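K.L.:
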Amino acid sequence: MFDPTIYENIKVAMENRIYDLDNLTGEIVVTGRKDLLDQAVMSKQFTLRFVRKGYPEIAAEICLEANLTDLAAEILEWEKAEPGCLFTLRFYMHVEQNERQCSRIEAVLNEIWEPELRPRQKLSYIYNQYKGQYLNEIELGFESKINEEHIGEIPRLLEHIVLTLERLREV
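Following the numbering used here, the numbering of the sequence shown begins with 35 at its first residue and continues without gaps.
1) Give, in chain order, every unbroken run of the alpha helix (DSSP H) that is at least 4 residues long and sits entirely within the region 107-154.
2) By DSSP, does G186 sit in helix, in strand, or in coil?
3) For L98, count neighbouring C-beta atoms within 10 Å of its own C-beta (all shown protein chains included) and say buried if the count is 16 or more, exposed if not.
4) Would DSSP call K68 helix, strand or coil?
5) Taking the straight line between their C-alpha atoms, what separation do you get for L123 and Q79?
6) How many whole angstroms separate the CB atoms of I293 and L197, which I take to be in contact at a CB cut-off of 8 angstroms?
7) Would the region 180-192 count as touching the region 43-52 if we require 3 or more Cβ pairs under 8 angstroms?
8) Keeping to the same chain, check which residues put their C-beta closer than 8 angstroms to that of V75; ignore five residues upstream and five downstream.
9) From L202 to V85, what does the alpha carbon distance come to, in whole angstroms?
10) For my contact list, I92 and L199 are in at a C-beta cut-off of 8 angstroms; report their separation, rounded to the angstrom.
11) For G166, which option in E130, Y126 and V63 has the closest C-alpha, if you only look at C-alpha atoms?
12) Taking the Cβ atom as the reference point for each residue, do I62 and D69 lie within a distance shorter than 8 angstroms?
13) Give the secondary structure of R86 by DSSP, where H, G and I count as helix, E and B as strand, and everything else as coil.
14) If you drop the 5 nearest sequence neighbours on each side, which residues of the same chain put their C-beta closer than 7 angstroms to that of R51?
15) Please state whether the Cβ-Cβ distance between I180 and C136 is less than 8 angstroms.
16) Using a Cβ-Cβ cut-off of 6 angstroms (strictly less than) and excluding sequence neighbours within five positions of R83, which residues of its own chain qualify?
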């Protein structure tokens, strides 16, 4: 009988909670979903992108990844292995005043998340289409892997994401 992996269990739990916020409470609107299997390296990646309802200018994206080593360690029950998934959180928004706004964005993220790793902000624009704004891809990475013990934290995680979407509107 098929026994779902840590990755599948966390993916389903996150997906269900996010779609509840979309369909039941109407707090957010899901704008994108990817569920990928990379057969070249046997890894899985799930991303779900959403915005706060009525405010499409700032998007949040959750990304869950499991590599071959983690999947094999779990399925084959390797001793001393600690399988899990990588979790990454991204926000996308446009900025005009790079230094000032990016500094404020970092302050908001540090206040809400107290991240293990410093938030990374990547600014870009399409050549010949610069209109005074840069797209800012803001990434929060986490050093430790997550596993099924973290499923109970998903509601709080999503509250933090929604709060971050609200606070980034003020930047």
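Ideal placement from N, C-alpha and C gives every residue a C-beta, glycine not left out.
Just so we're clear, the structure is a prediction, and the values are computed from it rather than from any experiment.
P.N.:
Per the coordinate set shown:
1) As far as the region 107-154 is concerned, its whole alpha helix (DSSP H) runs of at least 4 residues are 132-147.
2) Helix, per DSSP.
3) Result: buried.
4) Collapsing the DSSP output to three states places K68 in a strand.
5) In a straight line, the C-alpha of L123 is about 13 angstroms away from that of Q79.
6) The chain is shown from 35 up to 205; residue 293 falls before or after that span and cannot be answered.
7) With a cut-off of 8 angstroms, the region 43-52 and the region 180-192 count as touching, because enough Cβ pairs lie within range.
8) The answer, listed in chain order, is N101 and L102.
9) Taken atom to atom, the span from the alpha-carbon of L202 to that of V85 is near 12 angstroms.
10) Right, the Cβ-Cβ distance comes to about 6 angstroms (below 8 angstroms), so this counts as a contact.
11) Cα-wise, what sits closest to G166 is E130.
12) No.
13) The answer is strand: DSSP assigns R86 an E or B state.
14) Sequence-distant partners of R51 (beyond 5 residues in either direction) whose C-beta falls short of 7 angstroms from its own C-beta, in its chain, are I188, P189 and L192.
15) Contact flag unset, no.
16) Scanning its chain for C-beta atoms nearer than 6 angstroms, with the 5 sequence neighbours on each side dropped, one finds around R83 the residues T65, G66, A93 and E95, in chain order.
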